[in-house]
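By full-length UniProt numbering, the letter at position 288 of the sequence shown is numbered 288, and the numbering carries on one by one without gaps. All C-beta atoms in this analysis are idealised placements derived from N, C-alpha and C, irrespective of residue type, glycine included.
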Amino acid sequence: MIHGDWANMCQAVWRSPLLPLLSSEKTYEQSVIGDIGSGRRFKRDFLAYLDAYGRKKTGSLIEQLKKYDFDGIRAALIASVPSRQEFPKLDSQREAIWGWPAVRDVLSQIPIHKRSLPQSKPPRVVIQVSSIASLGQTDKWLKDTFFTALCPPSPAGKPARFSIIFPTPDEIRRSLNGYASGGSIHMKLQSSAQQKQLAYMRPYLCHWAGDCDTNPSPALANSISNTVPHHSTRGQAPPPRNTHVREAGRRRAAPHIKTYIRFSDAEDMRTIHWAMVTSANLSTQAWGAATNAKQEVRICSWEIGVLVWPDLFVSQPDSIASGNGKAKEYAEMVPCFRRDTPCVSEVERREMEEESSRRDDDNGKELSTLVGFRMPYDLPLKPYSLRDIPWCATATHTEPDWLGHTWEDE
Numbered sequence: 001m002i003h004g005d006w007a008n009m010c011q012a013v014w015r016s017p018l019l020p021l022l023s024s025e026k027t028y029e030q031s032v033i034g035d036i037g038s039g040r041r042f043k044r045d046f047l048a049y050l051d052a053y054g055r056k057k058t059g060s061l062i063e064q065l066k067k068y069d070f071d072g073i074r075a076a077l078i079a080s081v082p083s084r085q086e087f088p089k090l091d092s093q094r095e096a097i098w099g100w101p102a103v104r105d106v107l108s109q110i111p112i113h114k115r116s117l118p119q120s121k122p123p124r125v126v127i128q129v130s131s132i133a134s135l136g137q138t139d140k141w142l143k144d145t146f147f148t149a150l151c152p153p154s155p156a157g158k159p160a161r162f163s164i165i166f167p168t169p170d171e172i173r174r175s176l177n178g179y180a181s182g183g184s185i186h187m188k189l190q191s192s193a194q195q196k197q198l199a200y201m202r203p204y205l206c207h208w209a210g211d212c213d214t215n216p217s218p219a220l221a222n223s224i225s226n227t228v229p230h231h232s233t234r235g236q237a238p239p240p241r242n243t244h245v246r247e248a249g250r251r252r253a254a255p256h257i258k259t260y261i262r263f264s265d266a267e268d269m270r271t272i273h274w275a276m277v278t279s280a281n282l283s284t285q286a287w288g289a290a291t292n293a294k295q296e297v298r299i300c301s302w303e304i305g306v307l308v309w310p311d312l313f314v315s316q317p318d319s320i321a322s323g324n325g326k327a328k329e330y331a332e333m334v335p336c337f338r339r340d341t342p343c344v345s346e347v348e349r350r351e352m353e354e355e356s357s358r359r360d361d362d363n364g365k366e367l368s369t370l371v372g373f374r375m376p377y378d379l380p381l382k383p384y385s386l387r388d389i390p391w392c393a394t395a396t397h398t399e400p401d402w403l404g405h406t407w408e409d410e
């Protein structure tokens with residue numbers, strides 16, 4: 001990253017606990033990797049990621065990190081390295097895997113409690129990125145490869161709905177740095193192929209700030225193309241009337257953050273099944289292409305992120321491992337706004353809901369921990385209107401930003 005990517009732009013950081021040195025009785029054994037979400041698995045995957053850069057570059061750092069105890073970490077590392085992986089042979093118990101196969105592997109193993117799956121409502125997966133690359137003229141990679149990785153088929157619950165948050169030119173103009181923020185945010189729209197991609201992505205697109213003018217001027221709408229297609233927003237239900245907006249306080253900080261979050265309820269979005277903070281934007285280069293004729297997954301770029309889910313934080317140590325059936329307690333993760341931890345009213349609300357539904361709780365488990373995840377965007381989401389278009393840094397924008405500047409295509 002460069003300075004401008006975090007100065008006056010929305011970013012996020014995941015921070016591990018302070019890691020102690022391994023005791024004299026313990027040594028790093030690569031063969032002992034631990035369960036998904038454990039510190040040992042995290043260490044194995046992180047060292048494998050660093051090793052992919054080459055020992056000449058990272059060998060010294062790897063040897064230093066081997067001396068530290070990672071057991072305090074509760075997260076799964078999701079990373080990408082330039083590589084070709086034979087998809088049928090991938091086994092995360094044997095070695096680290098990368099890209100969308102890695103996230104698919106983790107998400108297929110973490111627990112999602114029956115009580116957090118409303119019977120009448122599907123979950124929602126929200127993809128929020130700062131760049132969208134060329135994904136192809138059809139939605140085959142997006143739906144068949146990437147969406148399937150983010151929501152592996154499950155007999156429990158309904159198929160997830162998907163939303164993609166990306167800023168509009170109006171939101172860039174009104175950001176803290178005005179048009180200057182847009183230099184780090186990319187989605188190309190000029191070519192015929194790019195217009196076809198916009199057409200199939202439009203039903204998923206949602207605003208970053210959500211408080212912008214829903215009727216941009218015709219000049220703005222035509223600044224990229226005189227034939228921007230207007231498509232329905234089917235699948236993107238508009239926010240219910242009179243719904244209280246939960247404000248994250250980041251509207252004017254243009255997004256350089258990348259988050260992927262699954263909410264248990266596509267409408268209320270008050271609990272979270274899992275959340276990921278990463279460097280990976282929405283691209284085949286970052287996540288990997290679809291499997292080719294040789295059943296290989298090709299990844300081109302370096303990316304790294306962490307994925308967390310509620311049960312990592314239950315009070316019982318033996319319940320960190322996913323799906324072991326031992327835990328008598330469970331945790332829930334809730335979105336937090338303008339703060340890092342749940343507020344008192346949120347805790348009280350969850351306690352009342354827990355008491356009222358105790359008899360229906362799966363396997364007699366009891367809520368022991370409420371985990372907060374600080375939100376970078378407001379809820380409920382605001383889908384694009386028919387005339388909204390994504391920000392395009394390679395287009396000319398003649399309407400001045402709040403600083404009085406325009407944006408010329410270079």
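Between the beta-carbon of Asp211 and the beta-carbon of Lys121, is there less than 9 Å? no
Close-in-space but distant-in-sequence residues of the same chain around Ser108 (CB under 6 Å, 5 per side omitted): Pro152
Is it the case that the segment 333-340 contacts the segment 297-307, given that we only count it when at least three CB pairs across the two stretches are under 8 Å? no
Other residues of its chain near Ser217: CB distance less than 8 Å, five sequence neighbours each side excluded: Legend: pLDDT at Ser217 = 46, less than 50; position of this residue unreliable, value from coordinates given subsequently. So the qualifying residues of the chain are Glu399.
Using the three-state DSSP reduction, which class does residue 428 fall into: helix, strand or coil? Limits of the chain in this structure are 1 at one end and 410 at the other, which puts residue 428 out of reach.
Neighbour-count burial assignment, Ser319, 16 or more Cβ in a 10 Å radius: Legend: pLDDT at Ser319 = 43, less than 50; position of this residue unreliable, no value from coordinates given.
Inter-residue Cα distance where the pair is Lys66 and Ser191: 49 Å
Contact under 9 Å by Cβ, Arg41 with Ala76: Against a cut-off of 9 Å, the Cβ pair of Ala76 and Arg41 comes out as a contact.
Do Leu90 and Pro82 count as a contact pair if the criterion is CB distance below 9 Å? no
Grouping DSSP H, G and I as helix and E and B as strand, with all else coil, what is Val106? helix
With DSSP as the reference, identify every bridge partner of Gln128, one or two as the case may be. Ile165, Thr259
According to DSSP, is Ile33 helix, strand or coil? coil
Please report the Cβ distance between Glu86 and Gln295, rounded to the nearest whole angstrom; I am assuming they are in contact, meaning their Cβ atoms lie under 8 Å. 6 Å
Give the DSSP-derived three-state secondary structure of Thr341 in the structure shown. coil
Between Ser134 and His186, how many whole angstroms is the CB-CB distance? I'm expecting something under 8 Å. Not really, about 11 Å apart at Cβ, beyond 8 Å.
With Glu329 as the anchor, note down where its beta strand (DSSP E) starts and where it stops. 329-336
Candidates Tyr68, Leu18, Lys196, of which the one nearest Glu25 by Cα: Tyr68
Pick from Asp144, Ala253, Ala160 that is closest to Gln11, judged by C-alpha positions: Ala253
On the CB-based measure, 16 or more other CB atoms within 10 Å of its CB, does Gln64 come out buried or exposed? exposed
Less than 9 Å separating the beta-carbons of Trp141 and Pro167? no
What is the rounded straight-line gap between the Cα of Asp35 and the Cα of Trp287? Whole-angstrom Cα-Cα distance: 23 Å.
Distance, Cα to Cα, Pro255 vs Ile97? 28 Å
For Asn226, which of helix, strand or coil comes out of DSSP? In this prediction, Asn226 has a pLDDT of 40, which is less than 50 and means its spatial position is unreliable; what the coordinates show is noted afterwards. Note: Asn226 maps to coil in three-state DSSP.
Assign Asn292 to buried or exposed, taking buried as 16 or more other Cβ atoms, counted over all protein chains shown, within 10 Å of its Cβ. It counts as exposed.
Within a Cβ cutoff of 7 Å, which residues of the same chain sit near Ala149, ignoring the five residues on either side of it in sequence? Trp100, Val103, Arg104
Applying the 10 Å Cβ sphere with the 16-neighbour rule, what's the burial state of Leu307? buried
In terms of alpha-carbon separation, which member of Ser181, Ala48, Asn281 lies closest to His405? Ser181
Could you check how far apart the C-beta atoms of Pro111 and Asp311 are, in whole angstroms? I think they sit under 8 Å. 5 Å
Which full runs of the alpha helix (DSSP H) of 4+ residues lie inside the segment 43-87, going along the chain? 55-65
Can you list, in chain order, the residues of its chain with a C-beta nearer than 6 Å to that of Leu47? Leave out the 5 residues immediately preceding and following it. Ile62
What residues in its chain sit with their C-beta under 6 Å from that of Asn177, if we drop five residues either side in the sequence? Asn8
Please check the pair Val129 and Lys258, which I expect to be a contact at CB under 8 Å, by giving their CB distance rounded to whole angstroms. 5 Å
From Thr138 to Ser175, what distance separates their C-alpha atoms? 32 Å
Is it buried or exposed, Met375, if we count other Cβ atoms within 10 angstroms and call 16 or more buried? The residue in question, Met375, is buried, as its Cβ has 16 or more Cβ neighbours within 10 Å.
What residues match up with His186 in a beta bridge as DSSP calls it? Ser131
If contacts are defined as beta-carbon pairs under 8 Å, then Phe373 and Ala275 qualify, I think. What distance do you get, rounded to the angstrom? 5 Å
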